[in-house]
Every structure is written in C-alpha cells, then in structure tokens.
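The structure under discussion appears below in the form of structure tokens.
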Amino acid sequence: MGSPVMNACAAVLLIHSLFMTQAATPEPSPTAPWTPMARRLTVGLQSPRSATPLPEVRISPGVGTLLLFDTPVARAELEGEERFTRVRLAGDTLTLMPSTSVEDTEELRLTVHFADGAAPASATFRLVPHPTLADRQVEVHRQARSADSLHAELLEKEEEVRRLREELARMEAARSLPEGLTGMLATKHLDKNGVRALWLAGQLVRHPRNALNVTYATTYRAATQVAVAVECEELRGGVPWEARGATLVPREGTALRVLRVWQAAPTTAGMVGQLIVEAEATNTMSPGPYTLTVWAEGDKRSVILGNVMFP
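Numbering (our numbering), first residue to last: -16 to 294.
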C-alpha cells in the first residue's frame, strides 16, 4: 500500500481532473427554433366540377408570411382582414401579418386577382392558423393560359360534344329500328349491291413487331360502311391483349372515319382470336391499299397491317 501522503496527492489530482473536465464541457445550446423553408405552390385552371382542394398556406399569430407570385397581382381579397395587423400588396409580393386574435381552429380564405388578363384570372388559398409552424415565404407559380389557347380548346371540346351527340342520336334511332337485314335496309346501310367481301392472306404486309400473329383478314364493303375482320392465332408477350382504337389510312388521301372496334374478349396466349374494325365508307373512297393500325391500352402493343384492300 502507498503512504498516506501519496494517497492524498492522488485524490487531489483526481478531483482536479474531474473539475477541469466539467469546465471544458460546453453547456448544451438551447433548442434551435424551427427554421421554415420557402414553399412552392402551383396554381392553374380548374374545372368547376373539380374536387381538388384549395392550396394551403400556414400562418401563425404575430409571424409574417410573404407570398411571392411570378405574375403581378392587381388586388387581394382577404377573409377576416380585421384579424391581421398588416396586409400589404406590392406588385407581385403580398405580406400578411396575423394578429394574436387568430385562433387555431379557424380557416380563412385569400383570393388574389392577377393583372395580366390571362387565365386563371385569380387564385384562392386556404389560410390555416398554427401556433408556431407558419410558412414564412411561399413562392406561387401560376400556369397561365392565353385566350387563344383557351378558345382553341373550347372549339375542340365543342366538336367532340357535337360528334357525341350525333352518335347518341344514331344509337337512339337504331333502337327503334328492326334488327338484321331489315334494319340495314331501313337505314340504307345495305343497297342492291349487298355486302361484298375480299379475303386477304399472302398479300398482307405484317409488321414484324405486331402484338398478335395475324393469319389472315377479310374486308367487307356495303353501301355506307366498310369493315376489316382480322383473324389471329398467337399472342406475343404473354400479357392479354384488348383492342382500344384503330386507324385506316390510305396510301393517298384522307383516313377513313373509324366507327367502332370490336373484340369478343381479350386475346390470351394460345387463343384463336378475332377483331373487327368498322369504318365509314364514302362514294369517293379508293379500294386501297390501306394501312390498318389497331392498338391496345395506352396506345401500345399495336397490330399493323399494310396492303389492306377493299372489294
């Protein structure tokens, strides 16, 4: 055992070492306050029937929120403006300072009206109070549409509505007509020439990447309609294939208007299948050759046949 003097010295050194270690350890810093990051919101045109929720902006009592727009703002309408100590609009910048009377349970609305005359003309936001987590800075990007662009889209929609109305009228009229040959004669789809048919096999030009292995096709022509019946016996790729749309394009001239694409059931592996494409015939249409393209869901996995001729 050491002497009492040596033990006392060791104790003194140990106490001094512990004291220096505690003195060198820095005091823990207080928890850093929440540092908000700039948020980015995108606003654009919405359908009147759209259920898309309004974009949200968080606000906190006594904390300023800055909204930066990429388009100049003409005016702003703020619901419950009396609950804000400052609402200042300067060009493309809007400053909001909620007062301490803003409660966590209430939601206010802010509507800004843009100054350039493009669409959308305005945008509305939900102001959601929170005790501390305010959005200090929000960058608002507006997907603007010109009047010419909106007019072109309107014309396209009107044309689609017109076509659908014609189709609906045709279907309603067909319901009151008899079926079979009597119905075809009554609607003048069949005339004295009857239905002519043409069997196609060796002369067909098959695309090497067709989703289906086509064995042959038969084309039909009546007074006002033509049809192509395609027979296939093998599916490539293993995934079931179901026709969704088609085009019939001549080598020269305008594509025929496809009336319907019919398939009894999706074609699966090892199955012999058939699909029929019916199109509108005109007095001036040529017998061919045509290129028939039939595609599945998503405009993919097509079947393309060239040198299609009509009787």
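C-beta atoms are modelled at their ideal positions from N, C-alpha and C, and glycine is treated no differently.
Beta carbon of residue i nearer than 8 angstroms to that of residue j
i, j, result
"residue 230", "residue 291", "no"
"residue 144", "residue 26", "no"
"residue 264", "residue 198", "no"
"residue 107", "residue 37", "yes"
"residue 114", "residue 81", "no"
"residue 209", "residue 248", "no"
"residue 61", "residue 93", "yes"
"residue 48", "residue 131", "no"
"residue 288", "residue 250", "no"
"residue 260", "residue 286", "no"
"residue 226", "residue 246", "yes"
"residue 126", "residue 21", "no"
"residue 281", "residue 252", "no"
"residue 228", "residue 269", "no"
Rounded distance between the beta-carbons of residue j and residue i, thought under 8 angstroms
i, j, result
"residue 204", "residue 294", "5 angstroms"
"residue 65", "residue 109", "The Cβ separation is near 18 angstroms, so there is no contact."
"residue 217", "residue 200", "Not a contact, Cβ separation roughly 15 angstroms."
Cutoff 6 angstroms; reference residue i; Cβ partners in own chain excluding five residues on either side
i, result
"residue 103", "28"
"residue 95", "56, 59, 106"
"residue 283", "none"
"residue 112", "42, 85, 87"
"residue 234", "272"
"residue 223", "249, 251"
Bounding residues of the beta strand (DSSP E) (the contiguous stretch that carries residue i)
i, result
"residue 68", "67 to 73"
"residue 204", "195 to 204"
"residue 290", "286 to 291"
"residue 228", "228 to 233"
"residue 209", "208 to 218"
"residue 80", "76 to 81"
"residue 182", "179 to 183"
"residue 105", "105 to 112"
Contacting residues, own chain, Cβ-Cβ under 7 angstroms from residue i (five flanking each side not counted)
i, result
"residue 63", "91"
"residue 232", "238, 273, 274"
"residue 9", "Low confidence applies to residue 9: its pLDDT is 46, below 50, so where it sits in the model is not reliable enough to give any reading."
"residue 255", "216"
CB contact below 8 angstroms: residue i versus chain D
i, result
"residue 143", "The structure shown contains no chain D, having only a single protein chain."
* Is it a yes or a no for the stretch 54 to 64 touching the stretch 91 to 108, going by three-plus beta-carbon pairs under 8 angstroms? -> yes
* Asked: If we count Cβ pairs, one from each stretch, closer than 8 angstroms, do we get three or more for the stretch 276 to 287 versus the stretch 170 to 184?
  -> No, because fewer than three Cβ pairs between the stretch 276 to 287 and the stretch 170 to 184 fall closer than 8 angstroms, the two stretches do not touch.
* Touch check for the stretch 131 to 150 and the stretch 56 to 71: three-plus C-beta pairs under 8 angstroms? -> no
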